[in-house]
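Everything below concerns the one structure shown next.
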Amino acid sequence: MAVAEQSYPFGFKSAYKRASFTGSAREYFGIWIVNILLTIITLGIYSAWAKVRRNRYFYGNTVVLDHTFEYHAKGKQILIGRLIVFSFLAALNVLSHVAPLAAIGLWIVLIPALPWVLMRGLRFNARVTSYRNVRFDFVGTYGQACKAIYFGWLVMIISFGLATPVASRWLYCYVFNNLRYGDRPFAADPPLREFYKAFGVAFAILIGGLIATTLATGIISSIFAAPNNTLLAATRDVRIMYLGLFFYPLFYVVALLYYLATVRNIVWSSIKIDRRAELWSDLGRRQYAWIAISNVVMTFVTLGLMRPWAAVRMRRYVIEHTSIKVDGEIGVVFDHIRSTGSAMSAEYLDVDGFDFGF
35 MAVAEQSYPF GFKSAYKRAS FTGSAREYFG IWIVNILLTI ITLGIYSAWA
85 KVRRNRYFYG NTVVLDHTFE YHAKGKQILI GRLIVFSFLA ALNVLSHVAP
135 LAAIGLWIVL IPALPWVLMR GLRFNARVTS YRNVRFDFVG TYGQACKAIY
185 FGWLVMIISF GLATPVASRW LYCYVFNNLR YGDRPFAADP PLREFYKAFG
235 VAFAILIGGL IATTLATGII SSIFAAPNNT LLAATRDVRI MYLGLFFYPL
285 FYVVALLYYL ATVRNIVWSS IKIDRRAELW SDLGRRQYAW IAISNVVMTF
335 VTLGLMRPWA AVRMRRYVIE HTSIKVDGEI GVVFDHIRST GSAMSAEYLD
385 VDGFDFGF
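Quick note on numbering: the sequence shown equals residues 35 to 392 in this note's numbering.
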C-alpha cells in the first residue's frame, strides 16, 4: 500500500522512502478473537501461540521498500519462557508468606538476573525476525545491560530525575548499537541535547498541568463555597480534590507520550545501518498522544472489543511515519548483504533461547 507524500518536519528529504502498513482492523479482529477464545479455553497456555500469530500478522503487513518482515518464533519457545517467569513469581509469592528470608534470597538472585533476561530477550526477538531472508541479531553483553539498567537508574535517583535523558540515551544506544542485520551493524549516536530539549518540554507540561489543576480546583471551590455548613464544605473540598487528582494524571500521560514520541524521532533519525542505510522518524507528538489516549478510551468504552482497531491504528501511524534511505541501488545492496550475512537455522533457534516477555 503506497503512502502519499506529505510535508515533513525535521528537514525530511525526498531520498527517504516511507514504510507502510497494509493490515486492517477487520482482518486483525478475526485473529484477535480466536486468540482470546483459545487462550481462555486452554487456561492461558495458548497465549504463547497467540503471540506468534499476532506478531506474524503485524510483521507480515509492515512493508519497507516493497518487502515485509517475517517472524520465526515458535509458541513452544515463548511458552517455556513464560513458564519460567511464572514459576519464579509463584515461588516468590509463596516464600514471601512462609519463608521471608528465602524470598529475600530470590530477590537477591533477581537483581543481577534482570539485565541478563533483558539481554536474552532482545537477542531472541532479533534472531526470530528476518527481512529479505536475512535474520537480525543482537550482540549486546551482560555488562552493557547492567550499565543501561542499573547505572541508568542510579544516576536518575541521585540526580532526582534530572539525568533521565542520560539514562534514556544509554538504554537506546545499548539496544541499537548492538543490533545487527545479518552481519551488518546498526549505529546510533543521538545527540544528548535533543533528549534534554524533549525532557524540558515534558517537564514544562507537568508543571503547567499542576498549576492549571490547582487554579481550576481553587476557582471551582470558591464558586461552590458553603461557608455556613462545615460538613458540606468539607465534603465539597474532598470532591474537588478528587477531581484534581483525576485530571492531573492526564497531564502526566501527555508529558510521557510527548517524551516518548520525541525521543523516538531523535533516536531513529540517528540510526545508520552498515553506513549505507539511514532511518528517519517524524511522529507528530500531538497526533501520537491523541491516538494513544483515544485508543485507551475506545478500548475501555467498548469493553475491549475495539482493541484490534486500536492496535492497528497505532501500528499504522508509527510505521507510516518511519522512513529509510539507502545509499546505492537497493536491490544490489540487499543482495550483497544477503550473500554475506548470517542466516540462522531453525535448529539453532530451538536451542538458542526463550522469550521471557520483557
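Positions of the beta carbon are idealized from the N, C-alpha and C atoms, including for glycine.
If you're wondering where the values come from, they're calculated on a predicted model, not measured in any experiment.
Self-check item: residue 144, enclosing alpha helix (DSSP H) - first and last residue
Solution: As a position in the sequence shown, residue 144 is number 110, starting the count at 1. Going by DSSP, residue 144 is part of the alpha helix (DSSP H) stretching over 134–161.
Self-check item: Cβ pair count under 8 Å reaching 3, the segment 150–168 against the segment 100–111
Solution: The segment 150–168 is in contact with the segment 100–111.
Practice problem: Could you have a look at residue 51 and say whether DSSP puts it in helix, strand or coil? | Solution: Counting from 1 along the sequence shown, the entry for residue 51 is found at position 17. Note: residue 51 maps to strand in three-state DSSP.
Quiz item: According to DSSP, is residue 363 helix, strand or coil?
Solution: Position 329 of the sequence shown, counted from the first residue, corresponds to residue 363. In the structure shown, residue 363 sits in coil (DSSP, three-state: anything other than H, G, I, E or B).
Quiz item: Alpha carbon to alpha carbon, how far is residue 79 from residue 59?
Solution: Stepping through the sequence shown from its first residue, residue 79 is reached at position 45. Stepping through the sequence shown from its first residue, residue 59 is reached at position 25. Straight-line Cα distance between these residues: approximately 25 Å.
Practice problem: Give a yes or no on whether the C-beta atoms belonging to residue 325 and residue 288 are separated by under 8 Å. | Solution: Counted from its first residue, the sequence shown places residue 325 at position 291. Counted from its first residue, the sequence shown places residue 288 at position 254. Remark: C-beta atoms of residue 325 and residue 288 do not approach each other more closely than 8 Å.
Quiz prompt | Nearest candidate by alpha-carbon position, reference residue 99, set 335, 153, 223 and 312 | solution = Residue numbering aside, residue 99 sits at position 65 when the sequence shown is read from its first letter. Of the listed residues, the one whose Cα sits closest to residue 99 is 312.
Exercise. Report the rounded CA-to-CA distance for residue 118 versus residue 250, giving the unit in angstroms.
Key: Taking the sequence shown and counting its residues from 1, one reaches residue 118 at position 84. Taking the sequence shown and counting its residues from 1, one reaches residue 250 at position 216. It is roughly 49 Å from the alpha-carbon of residue 118 to the alpha-carbon of residue 250.
Quiz item: Under a three-way DSSP split, which group does residue 283 fall into?
Solution: Numbered from its first residue, the sequence shown carries residue 283 at position 249. Helix.
Quiz item: Just the Cα atoms here: how many angstroms apart are residue 116 and residue 245?
Solution: Here residue 116 corresponds to residue number 82 of the sequence shown, with the count starting at 1. Here residue 245 corresponds to residue number 211 of the sequence shown, with the count starting at 1. Annotation: residue 116 to residue 245 spans about 44 Å, alpha carbon to alpha carbon.
Self-check item: Close-in-space but distant-in-sequence residues of the same chain around residue 183 (CB under 8 Å, 5 per side omitted)
Solution: By 1-based counting over the sequence shown, the position of residue 183 is 149. Cβ within range, chain order: 148, 149, 152 and 205.
Quiz prompt | Test item: CB-CB of residue 213 and residue 170 under 8 Å | solution = On the sequence shown, position 179 is the one that residue 213 refers to. On the sequence shown, position 136 is the one that residue 170 refers to. In this structure, residue 170 lies closer than 8 Å to residue 213 by Cβ.
Self-check item: Top-ranked residue by Cα proximity to residue 307, from 108, 368, 199 and 349
Solution: In the sequence shown, the residue the question calls residue 307 occupies position 273. The residue from 108, 368, 199 and 349 with its alpha-carbon nearest to that of residue 307 is 368.
Quiz item: When DSSP builds the beta bridges, which residues end up paired with residue 311?
Solution: Position 277 of the sequence shown, counted from the start, is the residue given in the question as residue 311. Per the DSSP secondary-structure output, residue 311 pairs in a beta bridge with 307 and 360.
Exercise. Pick out the complete beta strand (DSSP E) segments inside the segment 180–237, 3 residues or longer, and give them in chain order.
Key: You should have 213–215 and 218–222.
Self-check item: Where residue 333 falls: helix, strand or coil (DSSP)
Solution: Taking the first residue of the sequence shown as 1, we reach residue 333 at position 299. Look at residue 333 here: in three-state DSSP terms it is helix.
Quiz item: Could you give the residue range of the beta strand (DSSP E) that holds residue 102?
Solution: Looking up residue 102 in the sequence shown gives position 68. For residue 102, the enclosing beta strand (DSSP E) has its first and last residue at 101–105.
Quiz item: Hey, how far is the Cα of residue 51 from the Cα of residue 219?
Solution: Locating residue 51 in the sequence shown gives position 17, counting from the first residue. Locating residue 219 in the sequence shown gives position 185, counting from the first residue. Spanning the two alpha carbons is a distance of roughly 21 Å.
Quiz item: Could you give the distance in angstroms between the alpha-carbon of residue 298 and the alpha-carbon of residue 356?
Solution: Numbered from 1 along the sequence shown, position 264 holds the residue referred to as residue 298. Numbered from 1 along the sequence shown, position 322 holds the residue referred to as residue 356. The straight-line gap from Cα to Cα measures roughly 10 Å.
Exercise. Work out the CA separation of residue 57 and residue 354 for me, nearest whole Å.
Key: In the sequence shown, the residue the question calls residue 354 occupies position 320. In the sequence shown, the residue the question calls residue 57 occupies position 23. When rounded, the distance between both Cα atoms is 12 Å.
Quiz item: Going by the beta-carbon positions, is the gap between residue 341 and residue 66 smaller than 8 Å?
Solution: To locate residue 341, count along the sequence shown from 1; it is residue 307. To locate residue 66, count along the sequence shown from 1; it is residue 32. Yes, the pair counts as a contact, with Cβ atoms nearer than the cut-off.
Quiz prompt | Contact set for residue 36: own chain, Cβ-Cβ below 8 Å, skip 5 residues either direction | solution = Numbered from its first residue, the sequence shown carries residue 36 at position 2. Here the model assigns residue 36 a pLDDT of 40, short of 50, so the residue's position is not dependable and the matter cannot be decided.
Exercise. Determine the direct distance from the alpha carbon of residue 144 to that of residue 241, and round the result to whole angstroms.
Key: For the purposes of this step, residue 241 is taken as the residue at position 207 of the sequence shown. For the purposes of this step, residue 144 is taken as the residue at position 110 of the sequence shown. Straight-line Cα distance between these residues: approximately 36 Å.
Practice problem: Taking residue 12 as part of the alpha helix (DSSP H), name the residues at either end of that continuous run. | Solution: There is simply no residue 12 to check, as the chain begins at 35 and stops at 392 in what is shown.
Quiz item: From residue 210 to residue 316, what distance separates their C-alpha atoms?
Solution: By 1-based counting over the sequence shown, the position of residue 210 is 176. By 1-based counting over the sequence shown, the position of residue 316 is 282. About 18 Å.
Quiz item: For chain B, is any of its Cβ atoms less than 8 Å away from the one on residue 347?
Solution: No chain B is part of this structure, which consists of one protein chain only.
Exercise. Label residue 382 either buried or exposed according to how many other C-beta atoms from any shown protein chain fall within 10 Å of its C-beta, with 16 as the threshold for buried.
Key: By one-based count along the sequence shown, residue 382 stands at place 348. Residue confidence is low: residue 382 scores 41 on pLDDT, short of 50, so the model does not pin down where it sits. Its coordinate-derived value is still stated next. By the 10 Å Cβ count, residue 382 comes out exposed.
Quiz item: Do you know how far the Cα of residue 302 is from the Cα of residue 175?
Solution: Against the sequence shown, residue 175 aligns to sequence position 141. Against the sequence shown, residue 302 aligns to sequence position 268. If I take the Cα positions, the gap works out to 22 Å.
Quiz item: Who are the Cβ neighbours of residue 18 in its own chain at under 7 Å, not counting the five residues just before and after it?
Solution: Any property of residue 18 remains undetermined from this structure, which presents the chain solely from 35 to 392.
Quiz item: On the three-state DSSP scale, how would you describe residue 58?
Solution: Here residue 58 corresponds to residue number 24 of the sequence shown, with the count starting at 1. In the structure shown, residue 58 sits in coil (DSSP, three-state: anything other than H, G, I, E or B).
Self-check item: Reduced DSSP secondary structure (H/G/I, E/B, other) of residue 80
Solution: Within the sequence shown, residue 80 is the residue found at index 46, counting from 1. Judged by DSSP in its simplified three-state form, residue 80 adopts coil rather than helix or strand.
Quiz item: Start and end of the beta strand (DSSP E) containing residue 316?
Solution: One-based indexing of the sequence shown puts residue 316 at position 282. Taken as a continuous stretch (DSSP letters only), residue 316 belongs to no beta strand (DSSP E), as it is neither H nor E.
Self-check item: Local conformation of residue 175 per DSSP, three classes
Solution: As a first step, residue 175 is located in the sequence shown; it is residue number 141 there, counting from the start. In the structure shown, residue 175 falls within a coil segment according to DSSP collapsed to helix, strand and coil.
Exercise. Give the single residue among 305, 76 and 203 whose Cα lies nearest to the Cα of residue 10.
Key: Nothing about residue 10 can be read from this structure; the chain reaches only from 35 to 392.
Quiz prompt | Nearest-angstrom Cβ-Cβ length linking residue 360 and residue 310, presumed shorter than 8 Å | solution = Taking the sequence shown and counting its residues from 1, one reaches residue 360 at position 326. Taking the sequence shown and counting its residues from 1, one reaches residue 310 at position 276. Right, their Cβ atoms sit about 6 Å apart.
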